[in-house]
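One structure below.
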Amino acid sequence: MGSASKTPNYQELCAKFVRDIHGELPSRIFEYLCNYGASSVERIGANLSMSHKERNSSIAILYQLNLLYYWADPDTRSPTIYYEANHEAAYNLIRKGKIVNVVAQEYGNEAGRFLETLATFGHARIRDLAKTFIREDCTPNGGLHVHEKSNGNGDVLMENGYDGDEDPHLEEESIGEKFNSMVADLLCADVLELCSINTFKSPRKLRASIEKQVIKSKYNGVKPKGSKGQEQFLGYVREELEEVRNQPRVLKEQLLRRLGNARRDKFENKKTKTENGTGVTSYLTWEEIDPSAVVRINYFKTNVLLRNTALVKHASNNLGYVKGQVYAVALRIMEKNIERCHPDPYFHMVAPNELGKTIRDLNLPPVTTLEIVSELPEDLDVSMGIGRAPKNMVNKRRAERVRPNPRKERLPYIDKREIEESSGEDVDDDEYQDDQDIDLPDFDARGDDNGKVNLNGDSDVKFVPRRVGLDSKVYEDPRLQNTREHLLGLSEASQHYIRHSGEEEGGEWVVDFAPLISKIQKFEMDLYIKDKFSRRGVRLVNILRQFGKLDEKALASKALMLKKDVSTLLNDMMVNGLAEIQEVPKDNNRQANRTIFLWFFDDDRARAQLLSKQYKIMTRLQQVLDVERHKNREILELYNRSDVRGREEEMLHPNTIKKYGVFQKRSRALLTQMMRLDEVISIFRDY
Amino acid sequence: MPLVSRASSASTTIPDDKIEVWSDALYHRIREEPQGTWLSQEDLMRVGIVSDVKHLMLVINKLYSGFFLRARKDAANQMQWTWRKEEEAKKFSLIPNREYLSMYDIIESAGNQGIWARSIRWRGNMTENMVKQGLKWLENKGLISEFKSVEQPNKKMYILSSLRPSERATGGPWYTNGELDEGLVNGMQKIVYKCIKDRSTYFSKGGSSSGGMASDQGAPSEKKGRKQPTKGTMRGSPRGIKRTAAEANINSEKSIQKMTIPRFGGPRQGPQIMGMETGYTAYPTALEITQFISNAKVTEDPLTQSDIQDITNMLEWEGQIEPIRLAKGRIGYEVTVPDRIPATTNPEDENDEVLGIAQEPQISHSAEMPCGTCLVSEQCEPGSKVSPEKCKYYADWLDVI
Ligand code: SF4
Chain A
48 MGSASKTPNY QELCAKFVRD IHGELPSRIF EYLCNYGASS VERIGANLSM
98 SHKERNSSIA ILYQLNLLYY WADPDTRSPT IYYEANHEAA YNLIRKGKIV
148 NVVAQEYGNE AGRFLETLAT FGHARIRDLA KTFIREDCTP NGGLHVHEKS
198 NGNGDVLMEN GYDGDEDPHL EEESIGEKFN SMVADLLCAD VLELCSINTF
248 KSPRKLRASI EKQVIKSKYN GVKPKGSKGQ EQFLGYVREE LEEVRNQPRV
298 LKEQLLRRLG NARRDKFENK KTKTENGTGV TSYLTWEEID PSAVVRINYF
348 KTNVLLRNTA LVKHASNNLG YVKGQVYAVA LRIMEKNIER CHPDPYFHMV
398 APNELGKTIR DLNLPPVTTL EIVSELPEDL DVSMGIGRAP KNMVNKRRAE
448 RVRPNPRKER LPYIDKREIE ESSGEDVDDD EYQDDQDIDL PDFDARGDDN
498 GKVNLNGDSD VKFVPRRVGL DSKVYEDPRL QNTREHLLGL SEASQHYIRH
548 SGEEEGGEWV VDFAPLISKI QKFEMDLYIK DKFSRRGVRL VNILRQFGKL
598 DEKALASKAL MLKKDVSTLL NDMMVNGLAE IQEVPKDNNR QANRTIFLWF
648 FDDDRARAQL LSKQYKIMTR LQQVLDVERH KNREILELYN RSDVRGREEE
698 MLHPNTIKKY GVFQKRSRAL LTQMMRLDEV ISIFRDY
Chain B
234 MPLVSRASSA STTIPDDKIE VWSDALYHRI REEPQGTWLS QEDLMRVGIV
284 SDVKHLMLVI NKLYSGFFLR ARKDAANQMQ WTWRKEEEAK KFSLIPNREY
334 LSMYDIIESA GNQGIWARSI RWRGNMTENM VKQGLKWLEN KGLISEFKSV
384 EQPNKKMYIL SSLRPSERAT GGPWYTNGEL DEGLVNGMQK IVYKCIKDRS
434 TYFSKGGSSS GGMASDQGAP SEKKGRKQPT KGTMRGSPRG IKRTAAEANI
484 NSEKSIQKMT IPRFGGPRQG PQIMGMETGY TAYPTALEIT QFISNAKVTE
534 DPLTQSDIQD ITNMLEWEGQ IEPIRLAKGR IGYEVTVPDR IPATTNPEDE
584 NDEVLGIAQE PQISHSAEMP CGTCLVSEQC EPGSKVSPEK CKYYADWLDV
634 I
């Protein structure tokens with residue numbers, strides 16, 4: 048997350064969410080912390096003139112939900128405790144519905160419901176969660192269980208229900224067992240994480256204190272000098288950081304160890320299919336999970352799930368339904384190895400052997416076509432959506448190209464720091480190499496070609512026999528063939544949704560997330576510009592992206608537009624922070640007619656602008672929603688009365704019911720818009 | 234302009250008729266070189282007509298004074314010459330005085346780029362009045378003409394009457410009298426887009442029909458879903474395009490509007506226009522599009538490949554098409570997101586109406602809700618004059634939904 052996350056618009060929005068869900072007092076403290084940075088309890092109380100009780104209970108609420116971090120200097124005897132706001136957690140409040148939905152889709156409705164319970168608690172002991180959860184399960188109308196159906200689009204903010212068939216008469220024991228394996232599933236998937244002593248500490252301070260500790264313990268308090276000393280020092284720090292990073296996964300490791308190697312294999316490879324997804328089912332007893340462990344939702348991992356959803360949506364829109372489905376399966380298999388979308392800014396340090404890779408895409412093992420085929424939904428007809436052309440118009444050899452390394456492309460939106468300089472790597476063959484595939488004998492689509500062809504001696508581009516690791520029978524399965532074709536299609540698309548990285552087991556596939564997301568960001572930016580400034584705006588922006596700085600005349604002639612149109616459009620865009628201008632005086636007297644005006648477009652600044660704008664709009668939407676709620680407060684109160692609930696029809700006046708319906712429609716429309724904004728925000732910031 | 238004078242003293246010993254013969258011979262020999270080739274003294278010696286440098290100088294002098302040669306100095310300050318056509322030389326001989334001559338020479342050397350009147354003055358080191366008179370005289374005699382340059386629309390530019398201003402100066406086919414012809418550009422954009430779309434997508438009937446690949450074979454052929462064309466029809470001249478393009482006198486927007494394409498919306502797995510299978514090689518290249526457009530006689534003057542490239546660039550910048558690298562460095566084009574051919578069209582964007590370029594945004598942006606387009610959003614704060622509480626736009630918006 049960049050600097051954009053600290054803009055006033057963002058802080059206002061986060062505070063708004065806190066207020067919306069947890070009420071006035073906690074939100075005042077949260078807002079205070081946003082505005083004034085880390086503060087002690089005393090200062091908070093004094094400045095907000097709250098009573099001790101109010102202050103403490105509000106802080107407790109915020110703390111429980113991880114909406115604030117604390118810090119107490121470990122070197123001081125009786126240290127003052129400081130609190131600071133956790134914006135990410137506050138922002139995640141709005142995503143709760145979406146997260147619950149995506150988890151429900153993947154790990155079953157029960158898991159979704161469990162997550163919702165946990166989200167309400169923030170963090171909790173597994174034992175306590177089980178109690179609440181199981182009790183709820185037996186009394187479906189009570190507690191936190193909201194039984195309104197959501198339509199699956201994530202457009203219901205806080206209310207989520209499931210279409211699952213829950214049997215209220217289930218025996219507690221069997222629920223317990225189900226519960227255990229579900230929790231184990233979620234832990235193994237990293238959706239749940241263990242809370243450790245460091246979980247609630249300010250990550251910034253924690254990192255600093257770790258460095259301080261290393262200096263103290265290894266170097267007697269004197270920071271090492273020289274590049275060699277520095278390197279060694281960073282090595283120690285890295286070790287410590289790794290440990291902190293691994294703390295939340297201790298429970299998962301334990302579980303996997305206990306399950307034993309055999310079972311572990313079973314978990315990794317042959318996941319038993321459950322109704323709604325895959326999981327380790329029913330070989331865990333209560334004792335095997337530590338019931339006193341405190342867990343919480345790992346929002347970084349759920350962001351990975353959400354990112355997959357967004358990618359699949361994008362691919363489906365671009366390449367059709369079937370490719371989208373195949374992609375979804377591939378991403379889901381990959382998912383277990385992806386910790387989070389971005390490296391942790393505080394606890395992730397690049398190790399020497401990781402240099403040369405985009406940090407976001409570290410160490411991802413490929414998925415194979417076989418794996419994907421075995422996980423494909425049975426009713427998916429993979430023969431659809433291929434678009435076979437007459438053979439003489441197709442050159443499979445080109446499509447089959449294997450790329451062991453990511454493509455090198457110039458991309459906006461990629462943080463330079465994320466790509467470490469790699470030494471002496473070749474440039475992308477796509478850009479510079481003239482392949483000669485047409486001259487080569489045609490590659491038979493059935494794969495009889497067993498020879499290894501190396502084009503122009505470039506090691507990046509090679510064709511290995513396609514049957515590696517497969518007996519031909521498996522290979523000839525049309526389902527596999529077609530799935531491969533879809534995967535190739537995904538990789539050939541200009542977004543390069545996936546990369547064909549090897550040939551084992553019918554083809555190996557990886558996703559280069561950083562460049563992919565960057566392309567999707569560009570796509571979204573263009574869409575935004577198109578919405579606001581028409582296609583011509585997009586044209587101008589892309590010319591500026593390609594050529595850098597240009598004056599109006601050059602722009603007009605490239606864009607084949609009238610100069611006056613160019614100028615109006617650019618000025619409009621400048622007002623909206625999308626185009627920028629630089630003045631280059633021809634001589635010392637800075638007169639307008641002796642000055643060249645060069646236009647340019649800065650993707651990063653445009654992104655910051657866009658985000659800040661979206662935050663603001665979201666805040667307004669929330670405020671409009673507040674207004675609506677306020678207007679209808681009496682009706683809402685009626686609907687909230689426990690004696691009315693469930694019997695609205697018989698107890699309320701038809702007019703009231705009608706009014707309530709209107710209110711619901713309106714609030715849903717507003718929430719839908721907020722969810723859409725959130726999607727854009729996620730793409731530009733979180734994925 | 235520098236004249237040749239060094240060898241004049243040696244002329245006495247050589248009879249004039251010999252010089253005459255030599256000059257004739259030399260002129261004819263160097264005319265074998267393409268026009269505009271600059272030759273040095275050594276080059277001319279090497280031609281072999283004259284063996285003595287002094288004699289060569291006399292010959293050159295003779296040709297130069299008859300305007301059959303143009304002279305210049307190269308970077309190393311050495312003289313160079315190039316030949317002039319006889320008709321051109323004749324025109325020079327009509328010019329009465331040295332100043333006009335040198336002005337004409339300057340304009341000639343500017344070639345098809347033309348030259349600004351004031352530059353003529355600077356180069357010729359002449360007074361403004363003289364230049365004015367000279368230009369007037371030359372223009373009246375039909376030797377030079379004034380034209381408008383796209384690059385310098387406010388400057389008086391001159392060019393030899395026998396030349397056509399370069400594309401750079403006129404802006405190519407997209408400009409008429411130095412003005413951008415937007416109708417032409419837009420119309421061409423549509424035709425090129427459609428041409429690319431027809432050759433880079435296929436029509437998928439969708440549905441859940443099971444069975445082998447046969448259910449979704451798609452040779453790229455427009456309107457495929459309705460008629461069943463035989464394979465390969467698209468290669469030569471897809472029927473749909475030919476008709477529309479022939480119809481389309483590019484200057485009349487109306488005829489383009491008549492072109493219709495089927496619109497596909499519906500469920501996800503329903504009929505869609507989709508991209509071709511991987512490894513497809515028949516994505517149209519700029520050259521192919523050019524050929525197609527010239528065969529269809531869409532415009533009066535034939536468009537070159539680079540003109541078409543202007544249009545494909547534009548479409549690419551707008552995100553409507555994407556380049557695809559084909560074999561041997563050829564670049565083909567494919568339309569982007571073909572399956573999002575419009576369920577709805579945006580009437581404001583005239584492009585969208587006709588060829589179904591419009592795409593439904595995947596994620597609706599802020600433009601959809603009041604705040605996204607609100608002009609007073611900067612002043613809008615809760616509790617102030619403009620505020621969400623009092624917002625009229627939302628009241629309306631919420632009523633409509
Ligand atoms: S006035 Fe209304 S539409 Fe405009 S920014 Fe405020 S709330 Fe949004």
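For the record, the sequence lines run as chains A and B. Heads up, the first sequence is in the numbering used here, so the first residue is 48 and it goes up one at a time. Heads up, the second sequence is in the numbering used here, so the first residue is 234 and it goes up one at a time. Note that beta-carbon positions come from the ideal geometry of N, C-alpha and C, so glycine has one too. This structure is a prediction, so every number in the text was calculated from the model and none was measured.
| Query | Result |
| --- | --- |
| With a cut-off of 8 Å, do at least 3 Cβ pairs link the stretch 317–336 of chain B to the stretch 366–373 of chain B? | yes |
| Once you ignore the five residues that flank Pro632(A) on each side, which residues in its own chain have a CB closer than 6 Å to its CB? | Thr642 |
| Tell me which residues pass a beta-carbon proximity test against the ligand SF4: closer than 6 Å to any heavy atom, given in chain order. | Arg667(A), Pro603(B), Cys604(B), Cys607(B), Val609(B), Ser610(B), Cys613(B), Val619(B), Pro621(B), Cys624(B), Tyr626(B) and Tyr627(B) |
| If you measure from the beta carbon of Val418(B) to each beta carbon in chain A, is any gap under 7 Å? | yes |
| By Cβ distance below 6 Å, which residues in the same chain neighbour Ala350(B) in space, the five residues on each side in sequence not counted? | Lys389 |
| Nearest CA to the CA of Leu574(A): which residue from Met665(A), Lys678(A) and Ile730(A)? | Ile730(A) |
| Short of 8 Å in beta carbon distance, which residues of its chain neighbour Ile247(B), apart from the five on each side in sequence? Order them along the chain. | His288 and Leu291 |
| Can you tell which of Val585(A), Leu427(A) and Leu602(A) has the C-alpha that lies nearest to the C-alpha of His533(A)? | Leu427(A) |
| Helix, strand or coil: how does DSSP classify Phe497(B) here? | In this prediction, Phe497(B) scores a pLDDT of 25, lower than 50, which makes its location untrustworthy; no coordinate-derived value is stated. |
| Would Ile590(A) pass as an interface residue toward chain B - the criterion being a Cβ-Cβ separation below 7 Å? | yes |
| May I ask you to list, following chain order, the residues of the stretch 635–668 of chain A that have a beta carbon less than 8 Å from some beta carbon of chain B? | Lys660, Gln661, Lys663, Ile664, Arg667 and Leu668 |
| Starting from Lys443(A), find everything on chain B with Cβ-Cβ shorter than 8 Å and list it in chain order. | Thr511 and Gly512 |
| Compute the distance between the beta-carbons of Met698(A) and Val709(A), then report whether it is under 7 Å. | no |
| Less than 8 Å between the CB atoms is what I'm expecting for Leu535(A) and Glu447(A), so what's the real figure, rounded? | 7 Å |
| Who are the Cβ neighbours of Glu287(A) in its own chain at under 6 Å, not counting the five residues just before and after it? | Ile257 |
| Let me know if Pro190(B) comes out buried or exposed under the rule of 16 or more other beta-carbons within 10 Å of its beta-carbon. | Given a span of 234 to 634 for chain B in the structure shown, any question on residue 190(B) remains unanswerable. |
| Tell me the DSSP secondary structure of Thr123(A) in three-state form. | coil |
| Grouping DSSP H, G and I as helix and E and B as strand, with all else coil, what is Thr511(B)? | coil |
| Quick one: does Gly504(A) have its CB under 7 Å from some CB of chain B? | With a pLDDT of only 29 at Gly504(A), under the threshold of 50, the placement of this residue in the model should not be trusted; the figure read from the coordinates follows. No, no contact with chain B. |
| Ends of the alpha helix (DSSP H) at Trp646(A)? | Counting along the chain, Trp646(A) falls outside any alpha helix (DSSP H), though it belongs to the beta strand (DSSP E) covering Thr642 to Phe647. |
| Exposed or buried, what is Asp632(B) when buried is set at 16 or more other beta-carbons lying within 10 Å of its beta-carbon? | exposed |
| Can you give the beta carbon distance from Leu358(A) to Leu378(A), rounded, assuming they're within the 8 Å contact cut? | 6 Å |
| Looking at the C-beta of Val627(B), does it have a partner C-beta in chain A at a distance below 7 Å? | A quick correction: the sequence has Tyr, not Val, at residue 627(B). Yes, its Cβ sits closer than 7 Å to a Cβ of chain A. |
| How long is the line joining the alpha carbons of Glu163(A) and Gln152(A), rounded to whole angstroms? | 13 Å |
| Would you call the stretch 610–625 of chain A and the stretch 581–597 of chain A touching, i.e. three or more CB-CB distances under 8 Å? | yes |
| Select from Thr606(B), Leu302(B) and Ser433(B) the residue whose C-alpha is nearest the C-alpha of Ile564(B). | Ser433(B) |
| So which residues of chain B does Gln2(A) contact, with C-beta pairs closer than 7 Å? | There is no way to answer for residue 2(A), as the model of chain A reaches only from 48 to 734. |
| Quick check on DSSP: helix, strand or coil for Thr54(A)? | coil |
| If we define contact as Cβ-Cβ less than 7 Å, is Gly541(A) a contact residue for chain B? | In the sequence under discussion, the amino acid at residue 541(A) is Ser, which differs from the Gly named in the question. Chain B contact via Cβ: present. |
| Going by DSSP, what residue range makes up the beta strand (DSSP E) through Val449(A)? | Neither: Val449(A) is in no beta strand (DSSP E) and is coded neither H nor E. |
| For Val585(A), return the contacting residues in chain B, with the cut-off set at a CB-CB distance below 8 Å. | Trp550, Glu551 and Gly552 |
| Would you verify that the beta carbon of Trp349(B) is, or is not, closer than 7 Å to some beta carbon of chain A? | no |
| Check each residue of the stretch 514–536 of chain B: if its Cβ is closer than 8 Å to any Cβ of chain A, include it; give the result in chain order. | Thr514 and Ala515 |
| Go ahead and pull the three-state DSSP assignment for Tyr393(A). | coil |
| Taking only the alpha-carbon atoms, compute the straight-line gap between Val420(A) and Glu550(A) and give it to the nearest angstrom. | 15 Å |
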